[in-house]
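*Asks:* Mind looking over this structure? Questions follow.
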DNA sequence: CAGTGGTCTAGACCACTCG
DNA sequence: GAGTGGTCTAGACCACTGT
């Protein structure tokens, strides 16, 4: 139960003390209770009916207020049990892991948190040969008509999908190699590229936050109010030739992307 | 106008061809038109009334469908003109710029796009001395009761806020220095830290996507369906002492965070 | 079966801008 | 003033889950 403050001030009629709409006031109230912990993660939010009676608003108005919180990612509805405060358990995602082990004690500590949880990782891989989307064509410095090999992966942790990972390779580079085989490459695709004579020594990473596309919603089993982090990684050889482009789509509410960087030697502090 | 397919199949009555709810079907239809470009960025979406008549659904149902798209960040409503397809213009944000100039031609090209647009940057700075939030305390390896100096900045581009940038320094390190002065430090705060004997040589970056808090909504003037990217940067000296922690909040739909990395010397490709 | 949220309707009044 | 979206009501039926 909320603590029974009585009715909220309606905006509509002539009364017009006029502040915020009722549904916003309701959302504000509940949001405060959530952020202060009065409504802890996992706790049940009062039912629509209860809120409606408590605040003297129609069920539709109460629902509108609850929808605000759903779209902010603060509560979820699990019908027909009711609404619950969402749990947020963040894990770390470390794209750099191909290159090195954690170089610092702090990094070590953070990674351990994730790996000690006894998770069961798995993945689904398939390989296609396609004409690349514009953005990929641009990053790999290809021309119209050039083909790429794409390894598409959906990664699971405890049977929950958490990551879409598509890696694109220029067709000419990987033709006939292990990379076109839809099986896990245990020693890592980087290793294979190195053997083929294309060692990556430099990379550019782009990270973007946006709302998911319907396709991503279904593949990652997302609810409303859940943004995704899109991480694009382009790897270059020492001759500045792009040899691989990876698009990672991560569930925003579940993963933090982690980078570690070292100041380039011989660079001024400007 | 939509192309007049006639009524959508309602779920509720006994008819029950039963597939998706009407409002979802409407959202799906419009979403396709948007993603295919039939409704281009900036174009007006048919009015609620028009959609209601065209599909034989009540205004409330049509609104529900439109709300889905609003919360996906695909359309915006500007009352009382109507709904419009949202424009997406992404710029690049490069946290690394303190350390070096773009090291590669690709990076140069991307940065130029951003800087040639003739924007007018500005910022508001204020400085406080506070007890750090838990997360900051943790990153700076401080103990309860330790104080930090925080420089809070809101950055504007053409008078539109695009970035909240709060940097925390352990109080002991920067006491009496220029950093506690709420003015722009043109030569960069890193430079000042170096002069104080705390040169940063290593950093850890964390990037997270989430929906904004109400505070961020107002400071960044965000609409619904707009996630933020939260970028946390912790800088260390060569003795592994954390000397600064920065929290950047960026509007997801406007900025891409860009990192450039070089393979650490002498590391195997594993 | 009772109770939950999900969907949908018909209708009302409001604030705002200038189609 | 006409038309837009924003807010709000009262009421209806549905699907689902758990006591």
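Residue numbers (this note's numbering), protein chains in the order written: chain W, 52 to 321; chain R, 52 to 321.
By construction, the Cβ of each residue, glycine as well, lies at the ideal position given by its N, Cα and C atoms.
If you draw a straight line from the C-alpha of residue 127/R to the C-alpha of residue 79/W, how long is it?
*Replies:* Approximately 22 Å, taken between the alpha carbons.
*Asks:* Where does residue 162/R sit, in a helix, a strand or coil, going by DSSP?
*Replies:* Any reading at residue 162/R must be qualified, since the residue scores a pLDDT of 45, below 50, and its modelled position is unreliable; the value itself is stated next. Helix.
*Asks:* Thinking residue 220/R and residue 200/R are a contact (beta carbons under 8 Å), I'd like their distance in whole angstroms, please.
*Replies:* Confirmed, about 5 Å.
*Asks:* In three-state DSSP terms, what is residue 230/W?
*Replies:* Residue 230/W: helix per DSSP, three-state reduction.
*Asks:* Comparing C-alpha positions only, which one of 299/R, 182/R and 132/R sits nearest to residue 195/R?
*Replies:* Per the Cα distances, 182/R.
*Asks:* Name, going along the chain, the residues of the segment 302-314 of chain W whose beta-carbon falls closer than 7 Å to a beta-carbon of chain R.
*Replies:* Answer set for the segment 302-314 of chain W: 303, 304, 307, 308, 309, 310, 311, 312, 313 and 314.
*Asks:* Does the beta-carbon of residue 218/R have 16 or more other beta-carbons within 10 angstroms, so that it is buried, or is it exposed?
*Replies:* Result: buried.
*Asks:* Please report the straight-line C-alpha distance between residue 307/R and residue 283/W, rounded to a whole angstrom.
*Replies:* Roughly 10 Å between the two C-alpha positions.
*Asks:* Looking at C-alpha atoms only, which residue of 276/R, 216/R and 313/R is the closest neighbour of residue 291/W?
*Replies:* Closest by alpha carbon: 313/R.
*Asks:* Along the segment 230-260 of chain W, what residues have a CB closer than 9 Å to any CB found in chain R?
*Replies:* Answer set for the segment 230-260 of chain W: 238, 239, 241, 242, 244, 245, 250, 251, 252, 253, 254, 255, 256, 257, 258, 259 and 260.
*Asks:* Compute the distance between the beta-carbons of residue 85/W and residue 125/W, then report whether it is under 8 Å.
*Replies:* Contact: yes.
*Asks:* Indicate whether at least one CB of chain W lies closer than 8 Å to the CB of residue 184/R.
*Replies:* Closer than 8 Å: no.
*Asks:* Round the Cβ separation of residue 294/R and residue 288/R to the nearest angstrom and send it over; I've been treating them as touching at under 8 Å.
*Replies:* Yes, residue 294/R and residue 288/R are in contact; Cβ-Cβ is about 6 Å, under 8 Å.
*Asks:* Can you list, in chain order, the residues of its chain whose CB lies under 7 Å from that of residue 109/R, leaving out five sequence neighbours each side?
*Replies:* For residue 109/R, where only same-chain residues beyond five positions count, the Cβ hits under 7 Å are 103.
*Asks:* Among the candidates 141/W, 75/W and 206/W, whose CA atom is the shortest distance from the CA of residue 115/W?
*Replies:* The residue with the shortest Cα to Cα distance from residue 115/W is 75/W.
*Asks:* Using only alpha-carbon positions, find the residue among 263/R, 249/R and 180/R that is nearest to residue 233/R.
*Replies:* Of 263/R, 249/R and 180/R, the residue nearest in Cα terms is 180/R.
*Asks:* If I'm right that residue 215/R touches residue 270/R with Cβ under 8 Å, what's the distance once you round it to whole angstroms?
*Replies:* Correct: roughly 6 Å between the Cβ atoms.
*Asks:* Are residue 136/R and residue 178/R close, meaning C-beta to C-beta below 8 Å?
*Replies:* No, these two residues do not count as a Cβ contact at 8 Å.
*Asks:* Report the rounded CA-to-CA distance for residue 228/R versus residue 264/R, giving the unit in angstroms.
*Replies:* Their backbone Cα atoms lie some 33 Å apart in a straight line.
*Asks:* Within 8 Å (strictly less), CB to CB, does residue 265/W reach chain R?
*Replies:* Chain R, which has a Cβ nearer than 8 Å to the Cβ of residue 265/W, makes this yes.
*Asks:* To the nearest angstrom, how far is it from the Cα of residue 113/R to the Cα of residue 129/R?
*Replies:* If I take the Cα positions, the gap works out to 17 Å.
*Asks:* Out of 257/W, 275/W, 185/W and 132/W, point me to the one whose CA is closest to residue 94/W's CA.
*Replies:* The candidate whose alpha carbon is nearest that of residue 94/W is 132/W.
*Asks:* From this set, 140/W, 298/W, 186/W and 212/W, which residue's C-alpha is nearest residue 344/W's C-alpha?
*Replies:* Nothing can be reported for residue 344/W, as the shown portion of chain W is limited to 52 through 321.
*Asks:* From 70/R, 236/R, 285/R and 300/R, pick the residue whose C-alpha is nearest to that of residue 192/R; which is it?
*Replies:* Closest by alpha carbon: 285/R.
*Asks:* Interface residues of chain R around residue 276/W at Cβ under 7 Å?
*Replies:* Per Cβ cutoff of 7 Å: 262.
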